[in-house]
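Undergrad:
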Amino acid sequence: MSAPTPTLKILPVECIYPHEEHDFQRSIPLKARLQQAEFWTNPPIVAPMGNDEYVILDGANRYHTACSLGFHHILVQIASYDSGLVDLGVWQHVVSHWQRVYLIERLQALPGLRIEQGWNVHGIAQILLRDGVALWIDGPRDDLHARNALLRQVVAVYRDHAKLDRVALDDPAEVWRLYPDGFALFRFPNYRPPDIFAAAQQKAFLPSGISRHIIQGRALRLNYPMSLLRDTHMSLESKNQHLHNWLLRKVEERAMRYYAESTYQFDE
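Okay, so the sequence shown: first residue is 4 according to this note's numbering, each after it adds one.
1) Rounded to whole angstroms, what is the Cα-Cα separation between HIS75 and LEU113?
2) So does ILE107 have its beta carbon nearer than 6 angstroms to some heavy atom of the ligand ZN?
3) Tell me which residues share the same chain as TRP122 and place their Cβ nearer than 7 angstroms to its Cβ, disregarding the 5 neighbours each side in the sequence.
4) Please return the same chain residues whose Cβ sits closer than 8 angstroms to the Cβ of LYS242, not counting the five positions on each side in sequence.
5) Let me know if TYR161 comes out buried or exposed under the rule of 16 or more other beta-carbons within 10 Å of its beta-carbon.
6) Measuring CA to CA, which of LEU172, GLN156, GLU17, ASP163 is closest to ASN54?
7) Would you be able to state if there are at least three C-beta pairs under 8 angstroms between the region 157-177 and the region 87-96?
8) Is it right to say ALA176 is buried, meaning 16 or more other beta carbons lie within 10 angstroms of its own, or is it exposed?
9) At which residues does the alpha helix (DSSP H) containing GLU119 begin and terminate?
10) Buried or exposed, going by whether 16 or more other CB atoms sit within 10 Å of the CB of TYR261?
11) For THR235, name the three-state secondary structure that DSSP assigns.
12) How many angstroms separate the CA atom of LEU88 from the CA atom of VAL104?
13) Go ahead and pull the three-state DSSP assignment for LYS166.
14) Pairs of beta-carbons, one from the region 149-159 and one from the region 194-212, closer than 8 angstroms: are there three or more?
15) For the putative contact between GLY142 and LEU116, defined by C-beta atoms under 8 angstroms, what is the C-beta separation to the nearest angstrom?
16) Does the distance from the C-beta atom of LEU11 to that of GLN111 stay below 7 angstroms?
17) Could you spell out the range, first to last residue, of the alpha helix (DSSP H) harbouring LEU178?
18) My output table needs one value for ALA258: the three-state DSSP class, helix, strand or coil.
19) Rank GLN102, LEU131, TYR66, HIS25 by C-alpha distance to the C-alpha of ARG190 and give the top, closest one.
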């Protein structure tokens, strides 16, 4: 399926809501880069929630960093859940470079958390250990704030003490092959768009790196002048008119190219 031309727009930061906490470790170097950057390269992806409000699907760190630098407006790509161009899934977390016993001890010390053996799809997370042992984590089920707060604590346990890798693989054997030092695989429940909206609107944030949005026709390497986003005198309407004219020039100059195939990048 060929994706349509991306919908790009400059929005006020106050009408954009994250659904996940941002990664402070990634935000620090990103802030240093954005302070010196001449161009806005990869726009965050947002989905409309109604009432001129938007939830960030991807790019929470860029959004938080821009806000911390005093930006009033940012350039985003709008992709609606009902467009057929957005797939919502989850990342799995591979944990390595730590001790299994310390992981379990620290998890069991979290208030309101219980670890049971076996599988349970109603748990807030599943853990598959390298030796084949399966565990599930139980916690608050009906309170969104309490549930997601506990989930953030769970991820913080191994994020702060071990090495965390995000994967989309379903086959544990393939995970262990690619991550020979990995000893635990955390699996999370599937989410639906209303879950993402609720997390954003209620500020019941998911941990960073769990929700996974696949966007058909994602805009990359935009290289839009950062000075126009930083400008505090130009109106929002004027900024969007400039963006519209800029896009028309890109099309006229054949500077925009669409790649339909899936790709792997090796320069991240």
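Beta carbons: idealized from backbone N, C-alpha and C, even for Gly. These numbers were taken from a predicted model, which means no experiment stands behind them.
TA: Straight from the coordinates:
1) As a working note, residue 75 is residue 72 in the sequence shown. As a working note, residue 113 is residue 110 in the sequence shown. Near 38 angstroms, if we compare the C-alpha coordinates of LEU113 and HIS75.
2) Of the ligands one can find in the structure shown there are none, so the ligand ZN has no counterpart to examine.
3) The count along the sequence shown starts at 1 and reaches residue 122 at position 119. Only GLN129, ALA137, TRP139 meet the Cβ criterion.
4) Locating residue 242 in the sequence shown gives position 239, where the first residue counts as 1. Hits under 8 angstroms: ILE13, HIS76, LEU231, LEU232, ASP234.
5) Taking the sequence shown and counting its residues from 1, one reaches residue 161 at position 158. TYR161 is buried by the Cβ-count criterion.
6) By one-based count along the sequence shown, residue 54 stands at place 51. The shortest Cα separation from ASN54 among LEU172, GLN156, GLU17, ASP163 belongs to GLU17.
7) yes
8) Numbered from 1 along the sequence shown, position 173 holds the residue referred to as residue 176. Exposed is the call here.
9) Start at 1 with the first residue of the sequence shown, and residue 119 comes out as number 116. Segment 117-120 is the beta strand (DSSP E) holding GLU119; no alpha helix (DSSP H) there.
10) Taking the sequence shown and counting its residues from 1, the one referred to as residue 261 is at position 258. It counts as exposed.
11) As a first step, residue 235 must be located in the sequence shown, where it is residue number 232. Coil.
12) Stepping through the sequence shown from its first residue, residue 88 is reached at position 85. Stepping through the sequence shown from its first residue, residue 104 is reached at position 101. C-alpha separation (whole angstroms): 43 angstroms.
13) Taking the sequence shown and counting its residues from 1, one reaches residue 166 at position 163. Looking at LYS166 - three-state DSSP - the assignment turns out to be strand.
14) yes
15) Position 139 of the sequence shown, counted from the first residue, corresponds to residue 142. Position 113 of the sequence shown, counted from the first residue, corresponds to residue 116. About 5 angstroms separates the two Cβ atoms, so the contact holds.
16) As a working note, residue 11 is residue 8 in the sequence shown. As a working note, residue 111 is residue 108 in the sequence shown. No. Outside cutoff.
17) The residue you call residue 178 lines up with position 175 of the sequence shown. In the sequence as displayed, the identity of residue 178 is Val instead of Leu. 175-181 is the extent of the alpha helix (DSSP H) around VAL178.
18) In the sequence shown, residue 258 corresponds to position 255, counting from 1. Of the three classes helix, strand and coil, the one that applies to ALA258 here is coil, per DSSP.
19) Here the question's residue 190 lines up with position 187 in the sequence shown. That would be LEU131, whose Cα lies nearest to the Cα of ARG190.
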